[in-house]
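Each remark here refers to the structure printed beneath this line.
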Amino acid sequence: MQAPLLATLDGSLVDVAHPIVRADDLGVVRGDGVFDATLVRLGADAAPHVRDRQSHLDRLERSAAILQLPAPDRAGFERAIDALVAAWDFAAHPEALIRLVLTRGPESGGDPTAFALMAPLAASAVREREQGVAITLLGRGHDGDEVAAMPWLLPGAKSLSYSINMAAKRHAVQHGFDDVVFVAPSGALLEGPTSTLVIDRGGRLLTPKQDGILASITLEQLMRDAPRELQVAFASLTPDDLRAADGAWLLSSGRLLAAVTSVDGEPLPRSPLDAELRRVLDV
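Quick note on numbering: numbering that gives the first Met the number 0 labels position 246 of the sequence shown as 245, and the sequence is numbered without any gaps.
Below is the structure:
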């Protein structure tokens, strides 16, 4: 497997084993920073395409503002992206993920730390895109509207504080599942640790209300590009809505679209709309 590529914001490539983050960087010691990630792959014209590049940079800026970080050097991240894409071996790895990272910098003060990292898309992401995912429902301690009213919980930010999300996914895998959808104390469905839920209910596409939920760029693409009959509506959804659905998917920037095959061991049908959603999202 190709080693990850690392670029700094001046467009220079750096050996990924070369240290560029201080040991007292607040992104390391406290998870005090933000990131975003986007898929890069060869298009029909045989040229590499960074999916929704500007949208991901926009979301990085929004996340930084929520954490009261300095505004990202957008031009610098553009240079880093260009350098990574130019150096990538797409013949060996036609799909890759670029992560854009911005931390608050050293605890003792100083400039923020910023870089971009490119790595092959995980084989598990490709497999789940093709074969679907078995999910489990796990509780999350706050309702979405409660989180939205608590700015100190960083609603809407894609922060480096991802330990809970990753712990949820590990818990799922340890119990024989592929992924998770969180459920609020009220019983409302929320989001996955790294994904957004969409369900098919009688031919209508529904997704949980966005209160306290990270805005999904893949969902935005689906809502923007889908024909009128496939427009997605926000709704208050419960586990019973999911279990009774005609199909469901998890949407994310790397995996793009993964059909939900079961919920806590109960099989879920493949939606008749699956092929059309894959066409819209260019899966």
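No residue lacks a Cβ here, since even glycine has one placed at the ideal position from N, Cα and C.
| Check | Outcome |
| --- | --- |
| Val305 to Leu101 span [Cα, whole Å] | The structure shown does not extend to residue 305, since the chain spans only 0 to 282, so no value can be given for it. |
| Cutoff 6 Å; reference Ala124; Cβ partners in own chain excluding five residues on either side | Gly253 and Arg254 |
| CB contact flag (Gln173, Asp51, <8 Å) | no |
| Proximity test, Val180 beta-carbon vs the ligand ZN heavy atom, cut-off 7 Å | Absent from the structure shown: the ligand ZN. Ligands present: none. |
| Simplified DSSP state of Thr217, which is helix, strand or coil | helix |
| Beta-carbon proximity check, Leu83 vs Leu4, cutoff 8 Å | yes |
| Helix, strand or coil at Arg200 [DSSP, three-state] | strand |
| One or two residues paired with Gly109 in a DSSP bridge | Paired residues: none, contrary to the question. |
| Host alpha helix (DSSP H) of Glu60 (start-end) | Arg52 to Ile65 |
| Inter-stretch contact at 8 Å, needing at least 3 Cβ pairs: the segment 35 to 51 / the segment 207 to 215 | no |
| Ala122 and Asp72 closer than 8 Å at C-beta | no |
| Start and end residues, beta strand (DSSP E) containing Leu99 | Glu94 to Thr102 |
| His170, DSSP secondary structure in three states | helix |
| Cross-strand partners of Thr37 (DSSP beta bridge) | Ile97 |
| Reduced DSSP category for Gly264 - H, G, I as helix; E, B as strand; rest coil | coil |
| CA-to-CA distance, Asp239 to Val15, given in whole angstroms | 46 Å |
| Contained alpha helix (DSSP H) runs [length at least 4] in the segment 120 to 199, N- to C-terminal order | 122 to 130, 143 to 147 and 162 to 173 |
| Residue of Asp57, Ile198, Arg223 and Asp281 minimising C-alpha distance to Leu249 | Ile198 |
| Ser206 - partner residues in DSSP beta bridges | Before going further, note that residue 206 is Thr rather than Ser in the sequence given. Phe233. |
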